[in-house]
Amino acid sequence: MNLKQLIYLKKAIELGNISRAAQDLNVAQTALGIQIRNLEEELGVILLERHSRGVAASAAGLEFLGYAEQVLHALMQAKRAMHRHAENKVVDLNMGIPPSIMRLVGDHILTDFSKALTGVNLRLVEDFSFVLMELMQRAELSCTLTFAPEIEVKYKYIALLEEDLFYLTAPTDQLLPETITFREVLTHDLAMTGRKDVVTKLVQGIAQRLNMRFHVAYEVQSIRAIKNLVAKGIASTIMPYGAAEGELRSGVLRGQRIVAPSVVRTLMFAYPKDQEYQIDSPSMRQFISDITDKICATKGPVTRKL
1300 MNLKQLIYLK KAIELGNISR AAQDLNVAQT ALGIQIRNLE EELGVILLER
1350 HSRGVAASAA GLEFLGYAEQ VLHALMQAKR AMHRHAENKV VDLNMGIPPS
1400 IMRLVGDHIL TDFSKALTGV NLRLVEDFSF VLMELMQRAE LSCTLTFAPE
1450 IEVKYKYIAL LEEDLFYLTA PTDQLLPETI TFREVLTHDL AMTGRKDVVT
1500 KLVQGIAQRL NMRFHVAYEV QSIRAIKNLV AKGIASTIMP YGAAEGELRS
1550 GVLRGQRIVA PSVVRTLMFA YPKDQEYQID SPSMRQFISD ITDKICATKG
1600 PVTRKL
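Quick note: the sequence shown, position 7, residue 1306 per the working numbering, numbers continuous.
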């Protein structure tokens, strides 16, 4: 029996599919299947029940999975303990951060918050949430703050806060109420980021649920370009407050919180489970908590800490 067999079995049970498990672990499907069968032969029991739709744990498989998880957890704890002994080791931490969050707390992350991260060389990478998740998939990021709603089993997620989105328009002499309904927003010419972006997908999902037409007049993969279109009165948009914080404070743009229903996204901290021994530490938890508190304390965004 070896650790690979435990890891392969755990992933196959989590995903319910040998092919997907092999792809997720970046190993050949045949090799993964052989390792699990060798484990079954050694134990003398069937751990996985194979069927046309994939695989499922047998009763013995579920019981064995509990022991396997204990072993893998103990290994992670051992790695974390040994990591603490490497007192002089400096860890390079590439952390993703969405643009709207960078505009609210980017400077504080580098100048204030990161001081609490002893033995860490912090590098920030700013991009859209879906891009950040792709970068982490390719191991180009150690961890990331993300609004991406898709949950992947290989990552650990910590929900930090909820944020209401705003409808942004060009300034006029007309007084506007603080809120605007979702239905009213969809009647205007909207400039939005690409279809893979979290905000666009979120609005699309709400519109479909309410059987409303969501028409994007201008699709632009640039927040700056969208804000320019809105400031000129060519279009309006839906954005988080932080993405246009400077323009809203200076009066270049006007914002109304969307209601009935509200458009709400959730900020999460995500990292690979197999890197938990390096990422999950008291100083990192405090670091992420400080960022969350800073966002919630900022005047303008409508947020709720989770």
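We put the beta carbon where it would ideally sit given N, CA and C, even for glycine.
Under the criterion of beta carbons closer than 8 angstroms, isoleucine 1590 and isoleucine 1408 qualify as touching, at roughly 7 angstroms.
Non-local beta-carbon contacts of aspartate 1496 in its own chain, meaning distances under 6 angstroms to residues more than five positions away in sequence, involve Phe1427 in chain order. Check the Cα spacing between isoleucine 1533 and each of Pro1398, Leu1489, Asp1391: the tightest is with Leu1489.
Annotation for leucine 1338: Met1300, Gln1304, Leu1308, Leu1346 place their beta carbon closer than 7 angstroms to its own, counting only its chain and skipping 5 residues before and after. Counting along the chain, arginine 1512 sits inside no beta strand (DSSP E), nor does DSSP assign it H or E at all.
Of Ala1373, Ser1535, Lys1604, the smallest CA-CA separation from aspartate 1463 is found for Lys1604.
The C-alpha of glycine 1554 lies about 35 angstroms from the C-alpha of alanine 1415.
Assignment of phenylalanine 1427 by DSSP, reduced to helix, strand and coil, places it in the coil class.
Secondary structure note for glutamate 1477: it is in no beta strand (DSSP E), with a DSSP letter that is neither H nor E. For proline 1476, same chain residues with a beta-carbon under 8 angstroms away, outside a window of 5 residues either side, are Gln1555 in chain order. Excluding its 5 nearest sequence neighbours in each direction, alanine 1516 has C-beta neighbours in its own chain below 7 angstroms: Asp1488, Leu1489, Ala1490, Ala1534, listed in chain order. In this chain, isoleucine 1525 is not harboured by any beta strand (DSSP E); it is covered by the alpha helix (DSSP H) spanning 1522-1530.
The Cβ atoms of leucine 1403 and isoleucine 1594 sit closer than 8 angstroms to each other. The three-state reading of DSSP puts proline 1571 in strand, counting E and B together. With 16 or more other Cβ atoms from the protein chains shown falling within 10 Å of its own Cβ, valine 1529 counts as buried.
In this structure, glycine 1418 and valine 1390 form a Cβ contact; the two beta carbons are roughly 6 angstroms apart against a cut-off of 8 angstroms. Non-local beta-carbon contacts of glutamate 1368 in its own chain, meaning distances under 8 angstroms to residues more than five positions away in sequence, involve Lys1309 in chain order. By DSSP's assignment, leucine 1489 forms a beta bridge with Val1515, Ser1535. If you look at alanine 1458, you'll find it isn't in any alpha helix (DSSP H); it sits in the beta strand (DSSP E) that goes 1454-1463.
Counting along the chain, the unbroken alpha helix (DSSP H) around lysine 1309 starts and ends at 1302-1314.
Residue burial is scored here from C-beta neighbours: tyrosine 1366 has fewer than 16 other C-beta atoms within 10 angstroms and is therefore classed as exposed. At a Cβ-Cβ threshold of 8 angstroms, phenylalanine 1513 and leucine 1485 count as neighbours. Looking from the CA of serine 1413, the closest CA among Leu1431, Pro1397, Asn1393, Val1430 belongs to Asn1393. Put simply, the backbone Cα of threonine 1468 is about 22 angstroms away from that of proline 1397. When beta bridges are read from the DSSP output, leucine 1421 appears opposite Leu1392.
Under DSSP, threonine 1443 shares a beta bridge with Gly1395, Ala1569.
Of the candidates Pro1571, Pro1581, Ile1306, Gly1599, Pro1571 places its Cα closest to the Cα of leucine 1444. The Cβ atoms of glutamate 1544 and leucine 1552 do not sit closer than 8 angstroms to each other. Serine 1580 and histidine 1372 have their C-alpha atoms roughly 15 angstroms apart.
Distance between threonine 1565 and alanine 1542, taken at the CA atoms: about 15 angstroms.
In the structure shown, lysine 1378 adopts helical secondary structure according to DSSP, grouped into three states.
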